[in-house]
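These protein sequences, in sequence, are chains A and B.
Each residue of the first sequence is one higher than the last, beginning at 1 in the UniProt record's numbering.
Each residue of the second sequence is one higher than the last, beginning at 1 in the UniProt record's numbering.
For each residue, glycine too, the CB sits at the ideal point set by N, CA and C.
Since this is a predicted model, take the numbers as computed values, not measurements.
Below is one structure, written out as structure tokens; comments come after it.
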Amino acid sequence: MKSNRREFLKLAAVSAMGIGAARLGFLGDAPAFAEGVPTVANFEEGLKAKHWGMAIHTAKMTPDMIAKCRKACHTEHNVPDIAGPKEIKWFWGANYEETFPTEHGHYLSEEVEHRQFPLLCNQCEAPMCVKVCPTQATFQRPDGIVMMDFHRCIGCRYCMAGCPFGARSFNFQDPRPFIKSFNPHFPTRMRGVVEKCNFCAERLAVGKLPVCVEAAEGALVFGDLSDEQSDIRKALREHFAIRRKPDAGTSPSVYYIL
Amino acid sequence: MYNAKYIIPGIIFFLALAFVPVVYNMGHQFEVTPELPKDQKDCVLPTQEMRDKHMQLLNEWRNEAVRDGNRIFVNAKGQKYVKSLTNTCMSCHPDKAKFCDRCHNTVGVAPYCWDCHNLTPDQKSPIPPVAQAAAGGH
Chain A
1 MKSNRREFLK
11 LAAVSAMGIG
21 AARLGFLGDA
31 PAFAEGVPTV
41 ANFEEGLKAK
51 HWGMAIHTAK
61 MTPDMIAKCR
71 KACHTEHNVP
81 DIAGPKEIKW
91 FWGANYEETF
101 PTEHGHYLSE
111 EVEHRQFPLL
121 CNQCEAPMCV
131 KVCPTQATFQ
141 RPDGIVMMDF
151 HRCIGCRYCM
161 AGCPFGARSF
171 NFQDPRPFIK
181 SFNPHFPTRM
191 RGVVEKCNFC
201 AERLAVGKLP
211 VCVEAAEGAL
221 VFGDLSDEQS
231 DIRKALREHF
241 AIRRKPDAGT
251 SPSVYYIL
Chain B
1 MYNAKYIIPG
11 IIFFLALAFV
21 PVVYNMGHQF
31 EVTPELPKDQ
41 KDCVLPTQEM
51 RDKHMQLLNE
61 WRNEAVRDGN
71 RIFVNAKGQK
81 YVKSLTNTCM
91 SCHPDKAKFC
101 DRCHNTVGVA
111 PYCWDCHNLT
121 PDQKSPIPPV
131 AQAAAGGH
């Protein structure tokens, strides 16, 4: 019995060392991310607009497609994968009732009733979160993007109370151990900071479209809402679209084509 | 003076104690040498300026990049750099322990950059969490 315990302890020690060594993997310097570091030339080709917006062809956004976009987004931005009430989400899906609670559609078309709708920060024109933020950590850029300066966030969560769309998540714990697929070119967050979708401001700056738009194969249309000739305005001209909770008065920049 | 035989030695003892660190370090030069990259000659600013003001520069960079969306830095020589701690600074100075930490540890500052920012643009997985005390209490 005594020698058994000794053997067990030895094995446990060796395993612990093995786990410890595996955690040092970050010390390796082989490139982990396929794309190189963005250069000055990339930043000189940044996309500019007066008012960025998104139109969603909801019929094309199947649950699989939503999962694909979510994965692309969460990988790009190092969003931790935490289940339960502490979940952190930038891009997710919900049913009609949750998405459009103010529509009160009693006798809905069955197809629409059972459809999953992709949800993300609505990048409102009159954002409640910006108004309530005591440190101006959340602010609105001139191009309409509601952006977060994580450096300034003190974790008061007023913005989470203010946002009518539940688009914000709080880091109740250090998110790093929960990051499944890691992008070294984008920072992580720390404990006590709120986070949300940033309309891929860091990708627009290097001339790329948001990563969910790229992953969605045309089901998400991204563009300048103030430009009549833009793809998004064309899509909105040709299809009937609604916005979430218009009576909250925040005027979202994300349109749902039903 | 009353009790001078106690007070004067007391004052002398106190002064001696107070000046121990000064006397102890007299003649020692304070010098910290972080490891500099061998394949690069110029930093974004002259070395002395970087030594004195890198913290201000990083603060300016973060405000300009995040808040104003102005992500290109042009130095006095007209060279352009991307304003990015991980992707620009740490591309040339890939070893935080031999570069950042050497000075920071010596002078006892614990900037919280690495709570969120990655160590290098080639890093494979997030930095393991550091104990509260080791991270400077943040």
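Residue pairing from DSSP places E195 of chain A in a beta bridge opposite A:S169. Looking only at A:T102, A:E103, A:V79, the smallest Cα-Cα distance to W92 of chain A is reached by A:V79. Counting every other CB atom within 10 Å of its CB across the protein chains shown gives A161 of chain A a total below 16, marking it as exposed. In terms of CA proximity to H57 of chain A, A:L236 leads the group A:A248, A:D81, A:L236. Neighbourhood of V40 of chain A in chain B, by CB distance below 8 Å: I72, K80, Y81, V82, in chain order. Across the stretch 100–120 of chain B, CB contacts with chain A closer than 8 Å involve Y112, D115, C116, H117, N118, L119, T120, in sequence order along the chain.
When DSSP states are grouped into helix, strand and coil, A241 of chain A belongs to the strand group.
Secondary structure remark: continuous alpha helix (DSSP H) runs of at least 4 residues inside the stretch 196–231 of chain A, in chain order: 201–204, 211–215.
Judged by DSSP secondary structure, V40 of chain A falls outside any beta strand (DSSP E) and instead within the alpha helix (DSSP H) spanning 40–44. DSSP places Y96 of chain A within a helical segment (H, G or I) once states are collapsed to three. By the Cβ-count criterion, V22 of chain B is exposed, with fewer than 16 other Cβ atoms from all chains shown falling within 10 Å of its own Cβ. Scanning A:L47, A:E103, A:C197 for the CA closest to the CA of K89 of chain A turns up A:C197. For P126 of chain B, the neighbours in chain A by C-beta distance under 8 Å run, in chain order, F26, N78, R176, P177, I179, F182, T188. With a cutoff of 8 Å on beta-carbon distance, G207 of chain A and A126 of chain A are scored as not near each other. Residue-level contact by beta carbon fails for N25 of chain B and chain A, as no gap is shorter than 8 Å. Using a C-beta cut-off of 8 Å, the stretch 91–110 of chain B makes no contact with the stretch 62–80 of chain B, since fewer than three inter-stretch Cβ pairs fall below that distance.
At a Cβ-Cβ threshold of 8 Å, A167 of chain A and K68 of chain A do not count as neighbours. By the C-beta density criterion, R6 of chain A is exposed, having fewer than 16 other C-beta atoms within 10 angstroms. Counting only Cβ-Cβ distances below 9 Å, D52 of chain B has no contacts in chain A at all, with the closest Cβ about 22 Å away. About 5 Å separates the beta carbons of F222 of chain A and M54 of chain A, which is inside the 8 Å limit, making them a contact pair.
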